[in-house]
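J.:
2 protein chains.
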Amino acid sequence: MRYNANGASVPETGGNTMKQSRRPSTKTRPPAASDDAAMLRKLATLVRYYILTMTTQAGSGHPTSSLSATELMVGLLFSGGFHYEVANPQNPNNDRLIFSKGHASPLLYALWAAAGVLKESDLATYRQFGSRLEGHPTSLFPYADAATGSLGQGLCIGVGMAINGKYLDRLPYRTHVLIGDSEMAEGSQWEAMQIAAHYKLDNLLGILDVNRLGQRGETMYGWDLAAYQKKVSAFGWETIVIDGHSLPEILSACEAARRVADRPTMIIARTVKGKGVSFLEDKEGWHGKTLNKTECEAALKELGEIDKSVRGEFSVPEARVPAEPARKSSGPVNYPAGKSVATRDAYGNALVRIFPAFPEIVSLDGEVSNSTKAATFKDAHPDRFFEMYIAEQNMISVAVGLACRGKLPFASTFAAFLTRAYDQIRMSPYSGANLKVVGSHAGVSIGQDGPSQMGLEDIAMFRAVLDSVVLYPCDAVSTERLVEAAAAHRGLVYIRTTREASPVIYGGDERFVIGGSKVLRKSDRDVATVVAAGVTVHEALAACDELKREGIAVRVVDLYSVKPLDEKTLRDAASATGRIITVEDHYPEGGIGEAVRSALGDLAAPVRILAVRRRPKSGKPEELLDYEEISRKAIIAEIRKLGN
Amino acid sequence: MRYNANGASVPETGGNTMKQSRRPSTKTRPPAASDDAAMLRKLATLVRYYILTMTTQAGSGHPTSSLSATELMVGLLFSGGFHYEVANPQNPNNDRLIFSKGHASPLLYALWAAAGVLKESDLATYRQFGSRLEGHPTSLFPYADAATGSLGQGLCIGVGMAINGKYLDRLPYRTHVLIGDSEMAEGSQWEAMQIAAHYKLDNLLGILDVNRLGQRGETMYGWDLAAYQKKVSAFGWETIVIDGHSLPEILSACEAARRVADRPTMIIARTVKGKGVSFLEDKEGWHGKTLNKTECEAALKELGEIDKSVRGEFSVPEARVPAEPARKSSGPVNYPAGKSVATRDAYGNALVRIFPAFPEIVSLDGEVSNSTKAATFKDAHPDRFFEMYIAEQNMISVAVGLACRGKLPFASTFAAFLTRAYDQIRMSPYSGANLKVVGSHAGVSIGQDGPSQMGLEDIAMFRAVLDSVVLYPCDAVSTERLVEAAAAHRGLVYIRTTREASPVIYGGDERFVIGGSKVLRKSDRDVATVVAAGVTVHEALAACDELKREGIAVRVVDLYSVKPLDEKTLRDAASATGRIITVEDHYPEGGIGEAVRSALGDLAAPVRILAVRRRPKSGKPEELLDYEEISRKAIIAEIRKLGN
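Chains as they are written, first to last, in our numbering: chain H, 1 to 644; chain P, 1001 to 1644.
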């Protein structure tokens, strides 16, 4: 292991030499204490006091994981290099701080107490029901830049914020991410690493707290800092290896990181878990454990004198205002009735069409933009498109980071591959992220490529996420309008699109709303209602038309908004026609059929669910729709059965 | 970029020098053609012919991605170093071959045609409905060692197979994985890389086909082979950089890789997408596109003479027999009634108890074995436990690899973090994997840690997977019995466990079956049925007992098997009591309530779903159960509402 006692940067083997950053100095008012090592030591002691008392009072939490990073965070925040307007956490010029190791939340809250934002009485509510100070940070705490706690997401979110600073808002704020050593095992970290280097994010600083111990024992690399350095450096980052409890080394490293140009920097810090308390230091069995009152008193004694009056200060951020984009109205929607257009094509067209009205839009794609048709937007607005390559986890978290900085991200890939990012998707509401996700190539209707490429669980997956919206258009017009509705809605929206072309069935001025539906066929003699969405709408219409020729009337509902759904229309249909048949290109569990049953839960209308029930194969789309019994033939057969 | 023309290994910077492998030579019958470069060239030409004709006939597929790896695979398979009993794909001594770039399936099938396993008429069925030769390989094709097509999974599965060879079966077979350059962007690759190095898998060979072009353009690194080498080497692998169209270099690299000890090897090969056809070579816009008949004819002309009679041969594998473990019966289940035991504790106990009856069990955990209680098994059978660190995607795919080699893997982490591996989970049935997954810390009942740690989408997620089984025990006895049932069931089983302790309510001999349920309270005066599972069973019982004191009788069902579920009992209950109330510690969509509604779809019984509907917070478990209205209080209130 190699240390450099004076904290100067350690150039990586074979790496570039350090370049002068083009970022102007933003240090307009260095606080009096910035160079005062004694003051920083006092602050570190106060922070440790808060960590220990807060977790003992709560009876749960992660004190040892907080103690290891205390100097790192005190040095980063309170030595003059961190710019923040305390009264306005959303000031676009504020430096950002993400605790990717969210379980170190006691440290996070202690820091904001040391900055004067929280009182000791606030800290006493830590982990209590109703407190903003949750076990792991969420958007309830306005000074947490993102919700964390599922490891390996904070750096990805930080990449999104850094992309925003460098390429979109073009503001000199810097993004800092505190990373645990255990979470470096998550593949998402390396997705973030490669993209950060690819986009030359020299406004991004990772601080790796190598305290050696994970939850149940030593990490894969222990204190082998060289192993981390080699990997991080191979991924194109500047690396600085330090003793994470030496304030001079920390200050020097932070300063050096600010001078690095054209690449992100990782401070790799050797730390001691439980630092500052002899009986906790580097001890196994103390992860996520709190001290009882006696232990806490003993620990506090070891801290020495605690100056509760000391407060850390930030530097004042610049007062730049990001360019306010001109806002115009979206253009009209024009597709000739009957023309065959894939909804994925309409998605790309829609983004371009509505961009004047939603100039915050940013498009991200997982190296399939020619398939999802995000490429249409990319071609029109190359500066608002970011290629995320085949790394879906990072793509979603980058989108969360952009959303947290006021952008309107649309992240797209095949519906099947969004399963890769389910953890990131489920976490996004806890960050309050205004995230839009688009999954193309849904269902068996993609045909020959086979089951690996078929999104067949995506509706279930997105429906189960807190406060999500799930939209599934069947033609180009409804796609255009629903993309627009998604942009106007605040929160997570999923839009499911289809590979194959389908005929335009709506006029350009037709209105589509979240929670709505369309009754496409209706008579007062309907023997049943077929509820369909996406590709199956066209199957239902064909079935209806064929049955009509036989004198059998069937109601057809296009349930384009799967969550929330149009309960009234469904209940009216159930009352009028009695029987309901749902048809979906998705596995039955958690899909459209179950959603419809939920909406009718207290009604006595029987619901029959047609869905993908057999292991899908390669084949022609129409062969597969028949095989899975979700085609027009299957619908007709089902209706005929009812007749018996 | 650096090449070594003779194909000798390029030692990595700072890496170990190459060591002699301890693996004995298994080359018992080198085929006549092994050193015959002319023969290999003929085979490569034949393989190209098959690739082109098969994809043109199908009208879809990925010829150019197949052509780039043709020499790599012909050299690997047909030069004497690959051992395989063609008549018996499941011979445990066979070398394994995984196409992680599953879209190169035309190459895979062409190779098996060149080996004499498939006829040209078989290839003509490629991508046709009903053919074993699907668009991306699945278990329908017995020579595909795993289903691929979602990128970044093959190497992880290969790690599982290599772990099996080195540590479990202790057989000298080698595992080979063909990797695309685009998929190196997936974080799961780096999870596999680090674990492969950690476990010193010198029986694992990755072959990286660097053809520069992804789906929609150039990859992040193009032909910068040094960039790949630096990263792969930093992750602890031996690297060999070659020209991927030079058969001598390929043979030499494969031979060198077999000599590497104590670490896996990656052959990093510079290749040309579309190689062999002038108008396809290194051209954008040809990904996933087939040639029309005229183009195909022109392409075939460029191949020169095609010798359709030539056949590649493998070496004969050793005839070792893996030790057959003694099989005994499981011990009895003994928990005193009323004792408080967390179901996660019972899970650990169960694995130990049933191991004699299921000696194929292997336990994997994502660095939380002290929480999931996999540690109980680890302590008892350290040689059957593999620490996977915080890298859930790789953990699941390693389990798939172990399952494909006949093991019975139980992979565990927090239920919340299994969302990280949803893509790997949904893919597992297409590999036919006998996979068991255990998620602990389900629901808001974990309390103070907050929403990031709460599994609230896991039931929806697992229910939506093809042919899955979802089990959710409420006490120690049912956990023990359901773990046993999961082990006996072939296929994907998910078991959901709880953090907090709960009282034992079943006797040790109580029988639990997949698809079963328990009616815990029943009378002929029941005004409603409460269907619960896991923690809510205890809430339902408490509610029932309190209501009983008021003279209100309620039926209580423990729905421990959520999928498949006990339709008969539910329908009987619905008929008898009319109203059904479901209670679950999970979001409503895709959960237990919707599953129950599905089971009663054509019955007129109203179902009321109590589930987690508000954004969860930190707090005490009982506070959170009340807040979400899934506690005994909420159940009582609901029943009282019915009375009105």
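Here a beta-carbon is modelled for each residue, glycine too, at the ideal position from N, C-alpha and C.
Here the structure is a predicted model, which is why all the values come from computation and not from measurement.
Mind checking if H/Met-461 is an interface residue toward chain P, Cβ cutoff 8 Å exclusive?
T.: Taking the first sequence and counting its residues from 1, the one referred to as residue 461 of chain H is at position 461. Taking Cβ atoms only, chain P reaches closer than 8 Å to H/Met-461, which makes this a yes.
J.: Around the C-beta of P/Phe-1279, are 16 or more other C-beta atoms found within 10 angstroms, so that it is buried, or is it exposed?
T.: If you number the second sequence from 1, residue 1279 of chain P lands on position 279. Per the 10 Å Cβ criterion, exposed.
J.: Note down the Cα distance separating P/His-1245 from P/Arg-1212, rounded to an integer number of angstroms.
T.: Position 245 of the second sequence holds residue 1245 of chain P. Position 212 of the second sequence holds residue 1212 of chain P. Between P/His-1245 and P/Arg-1212, the C-alpha separation is close to 14 Å.
J.: Does any CB atom of chain H fall closer than 8 Å to the CB of P/Arg-1022?
T.: Translated into the one-based positions of the second sequence, residue 1022 of chain P becomes position 22. Any answer about P/Arg-1022 is weak, because its pLDDT of 34 lies below 50 and its placement is not dependable; what the coordinates show is given next. Chain H, which has no Cβ nearer than 8 Å to the Cβ of P/Arg-1022, makes this no.
J.: Straight-line CA distance for H/Lys-568 to H/Leu-559?
T.: What you label residue 568 of chain H is simply residue 568 of the first sequence in a count that begins at 1. What you label residue 559 of chain H is simply residue 559 of the first sequence in a count that begins at 1. Whole-angstrom Cα-Cα distance: 12 Å.
J.: Going by the beta-carbon positions, is the gap between P/Ala-1476 and P/Val-1437 smaller than 8 Å?
T.: Translated into the one-based positions of the second sequence, residue 1476 of chain P becomes position 476. Translated into the one-based positions of the second sequence, residue 1437 of chain P becomes position 437. No, these two residues do not count as a Cβ contact at 8 Å.
J.: From the DSSP output, read off the bridge partner residues of P/Gly-1206.
T.: Residue 1206 of chain P sits at position 206 when you count from the first residue of the second sequence. Note: P/Gly-1206 sits in a beta bridge opposite P/Val-1177 and P/Met-1266.
J.: DSSP state of P/His-1103, grouped into three classes?
T.: The residue given as residue 1103 of chain P occupies position 103 in the second sequence. In this structure, P/His-1103 counts as helix in the three-state DSSP scheme.
J.: Quick one: which chain P residues come within Cβ less than 7 Å of H/Lys-230?
T.: Translated into the one-based positions of the first sequence, residue 230 of chain H becomes position 230. Near H/Lys-230 (Cβ distances below 7 Å), the residues of chain P are Ala-1234.
J.: So P/Leu-1178 and P/Met-1266 are in contact, right, with Cβ under 8 Å, and what is the actual spacing, rounded?
T.: On the second sequence, position 178 is the one that residue 1178 of chain P refers to. On the second sequence, position 266 is the one that residue 1266 of chain P refers to. About 12 Å separates the two Cβ atoms, so there is no contact after all.
J.: Could you name each continuous beta strand (DSSP E) segment of 3 residues or more that falls completely within the stretch 55-114 of chain H, going from the start of the chain to the end?
T.: Those beta strand (DSSP E) runs which fall completely within the stretch 55-114 of chain H and span 3+ residues are 96-99.
J.: Using a beta-carbon distance below 8 Å, is H/Val-607 in contact with chain C?
T.: The structure shown contains no chain C; the protein chains it does contain are H and P.
J.: Under 6 Å Cβ to Cβ from P/Gly-1165, same chain only, skipping five residues before and after it: list those, please.
T.: If you number the second sequence from 1, residue 1165 of chain P lands on position 165. Hits under 6 Å: Leu-1171, Tyr-1173 and Asn-1203.
J.: By the three-class DSSP mapping on this structure, what secondary structure does P/Ile-1639 have?
T.: For the purposes of this step, residue 1639 of chain P is identified with residue 639 of the second sequence, where counting begins at 1. Helix.
J.: Whole angstroms is fine: what's the gap from H/Gly-491's alpha carbon to H/Val-483's?
T.: Locating residue 491 of chain H in the first sequence gives position 491, counting from the first residue. Locating residue 483 of chain H in the first sequence gives position 483, counting from the first residue. Cα to Cα, the separation comes out at about 13 Å.
J.: Could you pull out every residue in the same chain whose Cβ sits closer than 7 Å to the Cβ of H/Ile-636, ignoring the five residues on either side in sequence?
T.: Residue numbering aside, residue 636 of chain H sits at position 636 when the first sequence is read from its first letter. Closer than 7 Å at the Cβ level, and outside the excluded window around H/Ile-636, lie Ala-543, Glu-546 and Leu-547.
J.: Applying the 10 Å Cβ sphere with the 16-neighbour rule, what's the burial state of P/Gln-1090?
T.: By 1-based counting over the second sequence, the position of residue 1090 of chain P is 90. Classification for P/Gln-1090: exposed.
J.: Answer with buried or exposed for H/Glu-550, where buried requires no fewer than 16 other C-beta atoms within 10 angstroms of its C-beta.
T.: Position 550 of the first sequence, counting from 1, holds the residue named residue 550 of chain H. Looking at its Cβ environment, which holds fewer than 16 other Cβ atoms inside 10 Å, H/Glu-550 is exposed.
J.: Within 10 Å of its beta-carbon, does H/Glu-297 have 16 or more other beta-carbons around it, so buried, or fewer, so exposed?
T.: Position 297 of the first sequence holds residue 297 of chain H. That one is exposed.
J.: Output yes if chain P places a C-beta closer than 8 Å to the C-beta of H/Phe-512; else output no.
T.: Working through the first sequence from its first residue, we reach residue 512 of chain H at position 512. For H/Phe-512, the answer is no, since every Cβ of chain P falls outside 8 Å of its Cβ.
J.: For a contact meaning CB atoms closer than 7 Å, what does H/Tyr-389 contact in chain P?
T.: In the first sequence, residue 389 of chain H corresponds to position 389, counting from 1. Near H/Tyr-389 (Cβ distances below 7 Å), the residues of chain P are Ala-1185 and Met-1220.
J.: Would a check of beta-carbon distances place H/Glu-500 closer than 8 Å to chain P?
T.: By 1-based counting over the first sequence, the position of residue 500 of chain H is 500. Closer than 8 Å: no.
J.: Tell me the rounded alpha-carbon separation between P/Leu-1133 and H/Ala-104.
T.: As a first step, residue 1133 of chain P is located in the second sequence; it is residue number 133 there, counting from the start. As a first step, residue 104 of chain H is located in the first sequence; it is residue number 104 there, counting from the start. Cα to Cα, the separation comes out at about 51 Å.
J.: Is there at least one Cβ from chain P nearer than 8 Å to H/Asn-94's Cβ?
T.: Counted from its first residue, the first sequence places residue 94 of chain H at position 94. Judged by the 8 Å Cβ criterion, H/Asn-94 is not in contact with chain P.
J.: Beta-carbon separation of H/Ala-605 and H/Arg-579 under 8 Å?
T.: Locating residue 605 of chain H in the first sequence gives position 605, where the first residue counts as 1. Locating residue 579 of chain H in the first sequence gives position 579, where the first residue counts as 1. The answer is yes: Cβ separation under 8 Å.
J.: Suppose the cutoff is 7 Å on Cβ atoms and the five residues either side in sequence are ignored; what does the same chain contact list for H/Pro-92 look like?
T.: Here residue 92 of chain H refers to the residue found at position 92 of the first sequence. Around H/Pro-92: Asp-169, Leu-171 and Pro-322.
J.: Name, going along the chain, the residues of the stretch 1366-1389 of chain P whose beta-carbon falls closer than 8 Å to a beta-carbon of chain H.
T.: Against chain H - using a Cβ distance shorter than 8 Å - the residues of the stretch 1366-1389 of chain P are Glu-1367, Val-1368, Ser-1369, Asn-1370, Ser-1371, Ala-1375 and Tyr-1389.
J.: Would you kindly work out how many angstroms separate the C-alpha atoms of P/Thr-1148 and P/Ala-1442, rounded to a whole number?
T.: Against the second sequence, residue 1148 of chain P aligns to sequence position 148. Against the second sequence, residue 1442 of chain P aligns to sequence position 442. Those two C-alpha atoms are separated by around 30 Å.
J.: In the stretch 436-505 of chain H, which residue ranges form an unbroken alpha helix (DSSP H) of at least 4 residues, counting only runs that do not cross its ends?
T.: Fully enclosed alpha helix (DSSP H) runs of 4 or longer: 458-463 and 476-488.
J.: Does DSSP put P/Asp-1626 in a helix, a strand or coil?
T.: Mapped onto the second sequence, residue 1626 of chain P falls at position 626. P/Asp-1626 falls in the helix class under three-state DSSP.
J.: In the DSSP assignment, find the alpha helix (DSSP H) that holds H/Glu-302 and state where it starts and stops.
T.: In the first sequence, counting from the first residue as 1, residue 302 of chain H sits at position 302. Unbroken alpha helix (DSSP H) run through H/Glu-302: 293-303.
J.: Is it buried or exposed for P/Ala-1326, if we count other Cβ within 10 angstroms and need 16 for buried?
T.: Counted from its first residue, the second sequence places residue 1326 of chain P at position 326. Label assigned to P/Ala-1326: exposed.
J.: Closer than 7 Å: is that where the CB of H/Val-352 sits relative to any heavy atom of the ligand ATP?
T.: With respect to the ligand ATP, the structure offers nothing, as it holds no ligand at all.
J.: Using the Cα positions of P/Asn-1016 and P/Glu-1085, report the straight-line distance between them to the nearest angstrom.
T.: For the purposes of this step, residue 1016 of chain P is taken as the residue at position 16 of the second sequence. For the purposes of this step, residue 1085 of chain P is taken as the residue at position 85 of the second sequence. Only weak support exists for where P/Asn-1016 lies, its pLDDT of 33 falling under 50; the coordinates are left without a value.
J.: Is the stretch 1391-1403 of chain P touching the stretch 1183-1203 of chain P, taking contact as three or more C-beta pairs under 8 Å?
T.: As far as the Cβ criterion goes, the stretch 1391-1403 of chain P touches the stretch 1183-1203 of chain P, which means the pair count is three or higher.
J.: Here's a check: name, in chain order, each residue in its chain whose Cβ is nearer than 6 Å to the Cβ of P/Pro-1142, leaving out the five neighbours to either side.
T.: Walking along the second sequence from the start, residue 1142 of chain P turns up at place 142. If we look at P/Pro-1142 and ignore the five residues flanking it on each side, its Cβ neighbours are Pro-1089.
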